[in-house]
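So the sequences go chain by chain: A and B. Heads up, the first sequence is in this note's numbering, so the first residue is 1 and it goes up one at a time. Heads up, the second sequence is in this note's numbering, so the first residue is 1001 and it goes up one at a time. Virtual Cβ for every residue (Gly too), placed ideally from N, Cα, C. These notes are about the structure you will find just below.
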Amino acid sequence: MSMSFLLALILFSEGGITMKKIIILLLLSVFSSQLFAELVIIGNLENNIAAPMTKKQVQELFMGRARFFSNGLRAVPLDVSDLRSSFYQRLTNRPIEQINAYWARLTFSGHSVPPAVLENQQAIINAVKQSKGGIAYIEGDNIDDSQVKLLLEIK
Amino acid sequence: MQSKQFRSLNHKLLNYVSWSALTLLFVAALLSFFIQYERSKVNTLAMLNQLLDTVEDTATVAAYSKNLQIAEDVVKGLMKNDIVHRVTISSTDGFNLEQSKNNKLNTENIVSRPIYSLFDTEEIIGQIQIQPNALYSLTEAKYDTITNIISSFILIGVTALVILWVMQKYISRPLTLVSDTLNKIRLGERQRISPLTNNANDELGQLRTDINTLLGVLEDEFKKEHELRESIEAMEKKLRHIYNSSSAGLFLLDRKGRLLTSNSTLLTILNLSSVKNLTEQQLVFASLFKEQDKVETLLNKAIESEQLEAEDFLLEYNGGVSVWVHCLMSKITDSSGRTNLEGVLFDVTNRVKAERAIQHEAEHDPLTGLLRRQAAQAIFENACATNNCAFLMMDLDGFKQANDTYGHIAGDKVLQISAERLSQCVRTSDVVCRLGGDEFLIVLFAFQEQGQLSKIAEKIVLAIEEPVIIDDNTTIKVGISVGIFAYSANDKNTFESMIQGADEAMYEVKRQGKNGYCIKDENNEMIPRLAKNGFQIKD
């Protein structure tokens, strides 16, 4: 659903422009960059895995179900704190709270560890560049093919 | 006996009710058990599903992340439930965890549920299985069943008790009362069944009323019958007394003349008092008499004529005693249509003897014992129609002088002895008759020829010629003149004409010289033959 379509829907819907609608519009404009920006899954350039990967493969790596890429490389999934909620929402179609609860359960068992969380996208890119099995996500606008390998786009 | 039976009615009641209650209970328990067991199984299944619902998320996480630790936690958690016997969690290309209790009784179905991927609801990533504890369902069912049994036992037991109580109070006890009372009551007595307080208006009350009515009717009937019987007995006694004390012999014969019953007098008359069980011997009545055929004729006459028949019969006892009885016979037909003969027998010996004596006296000459003229005439008239007869008319010669000389007594003796001699000269079937004075008549029946007559006449003349000894000093000698007149059966001669004929012949002898005989033949020729001229016979 495009941003402009949503705006038009809110503005011209029955009842005219009210205060409530204005507030919603404001909130939407604040989060729009995060909500609707395209996310891309990136990996180390040396990782010879065939791109694009399937969404499921990515899912399994990030949710701790799979620890290796299909080419046998050990995967090191990384989270970015400001994109995390948006990413998991798109990847698993679940709110971040559930993902947290899932990891809390696994962590309590002592056998699994959730992906490490980094501050920003630059840190992520650096981390992926340094780790051969690194796999993370950044906004599509920030991708640089010379530094990381594009593994999958998710909208 | 009967009260025992009724006590056993109670017993039966108790038996049937308690047995059916127990059977019901047993069936109810069995049914309840199976129903509870099935329900428990369904419950178990539901509970297992609920358990699975509870652990499903955790199990999914464990299976998805292939985390054995979490899976173990899930299994342990499940195993804590009594209802769970065995738990299996498996994840595809991951772990396979199984745990079970030491319990071998496990026949129940396994509840199994696939574990879907957390993020793809169509991808199966594992399976969780729970096998329920069969003992659990069994135990549950058992407890439920026991509860049911207790409650049904109370219900059924109480109902049975109430039924028993009602049956006993309203049916069996009143019935026992009725039965016991009826058992004690002797028919025809005044006693009645006492009122049934609990059954005044129901069928048993009605039964009691009806029985009492019946008893009343019976009592009346019994009383009537008793009175009737008494009067009949009294009458019978009287009649029996008359019957037995009757001077007449009373008896009953069947159609064939066999003796059925008799009174004691009859037995006395028949001289059968000492014979035992007379009626069982089927004694033929006629065989008791000397003239059996005459008795039988009388019996037949009585049967045919349908009126009273009577006759005199002669009885001869073994001791040689003769008894005359007068017997009356009549036919009777009893209620069943059988024909019998009833009879009365009188001892008439004295009467018959008297009668006979009178008749004898009327017919016989008292001095000589010979027949009188009338009797002779009667015999002749009875017999002459079929016989050749010869009349011998006789008169003693010299009797008047002897009578005058020696007196009446000697004369009577001469007459007596002459009569004896005459009787000896003829057959007993011939008639010897004193006509009066010294006149005698002999009627000879069925003579063959004249020669016979001559022989007899000569015998008579010779016999009378013999002297009659009166006493030691006196001997009387008389002669006789015999006139004979014979005729054949064809001739119509009367007694008088015969006597006259014979008389003529006799006078012919007297005229010729007495003491001889003369036969007057059919041609009325008379040739006297006198003793002094000699007779033909030699003996």
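E153 (chain A) and G140 (chain A): beta carbons closer than 8 Å?
In this structure, G140 (chain A) lies closer than 8 Å to E153 (chain A) by Cβ.
Per the DSSP calculation, M1526 (chain B) is bridged to which residue(s)?
DSSP lists B:K1520 as partners of M1526 (chain B).
Would you report the Cα separation of V117 (chain A) and V1042 (chain B), rounded to the nearest angstrom?
So the two alpha carbons sit approximately 49 Å from each other.
Beta carbon of F1440 (chain B), beta carbon of L1345 (chain B): below 8 Å?
Cβ distance not < 8 Å, so F1440 (chain B) and L1345 (chain B) don't count as in contact.
Beta-carbon within less than 8 Å of Q1168 (chain B)'s beta-carbon, same chain only, minus the 5 sequence neighbours each way: which residues are those?
Cβ within range, chain order: N1010, L1013.
What first and last residue would you give for the alpha helix (DSSP H) that runs through Q108 (chain A)?
Residue identity check: residue 108 (chain A) is Phe in the sequence provided, not Gln. That run of the alpha helix (DSSP H) goes 96-109.
Consult DSSP for F1546 (chain B) and reduce its assignment to one of helix, strand or coil.
The question about residue 1546 (chain B) has no answer here: the residues shown for chain B are numbered 1001 through 1539.
Is the CB-CB distance between Q1099 (chain B) and S1112 (chain B) below 8 Å?
Cβ distance not < 8 Å, so Q1099 (chain B) and S1112 (chain B) don't count as in contact.
Kindly identify the DSSP beta-bridge partner or partners of C1433 (chain B).
Answer is B:L1371, B:L1441, bridged to C1433 (chain B).
Our contact map puts D1053 (chain B) next to N1133 (chain B) with C-beta atoms below 8 Å; I'd like the distance itself, whole angstroms only.
Actually they do not touch by this definition, with Cβ atoms about 19 Å apart.
What residues in its chain sit with their C-beta under 8 Å from that of E1123 (chain B), if we drop five residues either side in the sequence?
Excluding sequence neighbours, E1123 (chain B) sits near Y1116, S1117.
Going by other Cβ atoms of all chains shown within 10 Å of its Cβ, with 16 needed for buried, is D145 (chain A) buried or exposed?
That one is exposed.
Short check: CB of I1499 (chain B) to CB of F1399 (chain B), under 8 Å?
No, these two residues do not count as a Cβ contact at 8 Å.
Considering only residues of the same chain and omitting the five flanking positions on each side of G43 (chain A), which have a CB-CB separation below 6 Å?
If we look at G43 (chain A) and ignore the five residues flanking it on each side, its Cβ neighbours are I135, K149, L151.
Give the C-beta separation of Q1282 (chain B) and R1258 (chain B) to the nearest angstrom, bearing in mind that I take them to be a contact with Cβ-Cβ under 8 Å.
At roughly 5 Å, the Cβ-Cβ gap stays under 8 Å, so Q1282 (chain B) and R1258 (chain B) are in contact.
Might you give, ordered along the chain, the residues of its own chain that have their beta carbon closer than 7 Å to the beta carbon of L1370 (chain B), omitting 5 neighbours on each side?
Closer than 7 Å at Cβ, skipping near neighbours: H1364, A1419, V1432, C1433, R1434.
Would you list the residues sitting across from D1312 (chain B) in a DSSP beta bridge?
BP columns for D1312 (chain B) point to B:H1326.
Which of the residues in the region 1116-1146 of chain B, read from start to end, lie with their CB under 9 Å from any CB of chain A?
So the list reads S1117, L1118, F1119, D1120, E1123, I1125, given in the order they occur along the chain.
Pick helix, strand or coil for K1256 (chain B), following the three-state DSSP scheme.
The answer is coil: DSSP assigns K1256 (chain B) none of H, G, I, E or B.
Taking the Cβ atom as the reference point for each residue, do I1130 (chain B) and L1051 (chain B) lie within a distance shorter than 8 Å?
In this structure, L1051 (chain B) lies closer than 8 Å to I1130 (chain B) by Cβ.
Under a three-way DSSP split, which group does F1289 (chain B) fall into?
In this structure, F1289 (chain B) counts as coil in the three-state DSSP scheme.
Return the CA-CA distance between V1426 (chain B) and I1303 (chain B), expressed in angstroms with no decimal places.
One C-alpha to the other measures close to 45 Å.
Where does H1408 (chain B) land, buried or exposed, given buried means 16+ other C-beta within 10 angstroms?
Exposed.
Look at the Cβ atom of F1095 (chain B), then the Cβ atom of K1066 (chain B), and state whether they are nearer than 8 Å.
Yes, the pair counts as a contact, with Cβ atoms nearer than the cut-off.
Evaluate N170 (chain A) with the Cβ neighbour count: other Cβ atoms within 10 Å of its Cβ, from every protein chain shown; 16 or more gives buried, anything less gives exposed.
What is shown of chain A runs 1 to 155, which leaves residue 170 (chain A) out entirely.
Where does D1412 (chain B) land, buried or exposed, given buried means 16+ other C-beta within 10 angstroms?
Exposed is the call here.
In angstroms, rounded to a whole number, what distance separates the CA positions of K1238 (chain B) and I1232 (chain B)?
Taking the straight line joining both Cα atoms gives about 10 Å.
Please list, in chain order, all residues of the same chain as V1178 (chain B) whose beta carbon is under 8 Å from its beta carbon, the five residues on each side excluded.
Here the set comprises I1193, L1196, L1204, L1207, R1208, I1211.
Alpha carbons only, please: which of B:T1475, B:E1458, B:T1092 is nearest the one belonging to T1405 (chain B)?
Looking at the Cα atoms, B:T1475 is the closest of the given residues.
Considering only the alpha carbon of each residue, which of B:F1222, B:A1378, B:L1299 lies closest to E1342 (chain B)?
Among B:F1222, B:A1378, B:L1299, the Cα nearest to that of E1342 (chain B) belongs to B:L1299.
Based on the DSSP output, what are the partners of H1364 (chain B) in its beta bridges?
Answer is B:L1371.
Considering only their Cβ atoms, is the gap separating M1393 (chain B) from A1505 (chain B) smaller than 8 Å?
Against a cut-off of 8 Å, the Cβ pair of M1393 (chain B) and A1505 (chain B) comes out as a contact.
Closer than 6 Å by C-beta to G133 (chain A): which residues in its own chain qualify, once you throw out the five before and the five after it? Chain order, please.
Answer for G133 (chain A): L73, R74, A75, V76, listed in chain order.
Do L1164 (chain B) and V1017 (chain B) come within 8 Å of each other at the CB atom, strictly closer than that value?
The answer is yes: Cβ separation under 8 Å.
The alpha helix (DSSP H) with L1239 (chain B) in it runs from where to where?
1203-1245 is the span of the alpha helix (DSSP H), which, as asked, contains L1239 (chain B).
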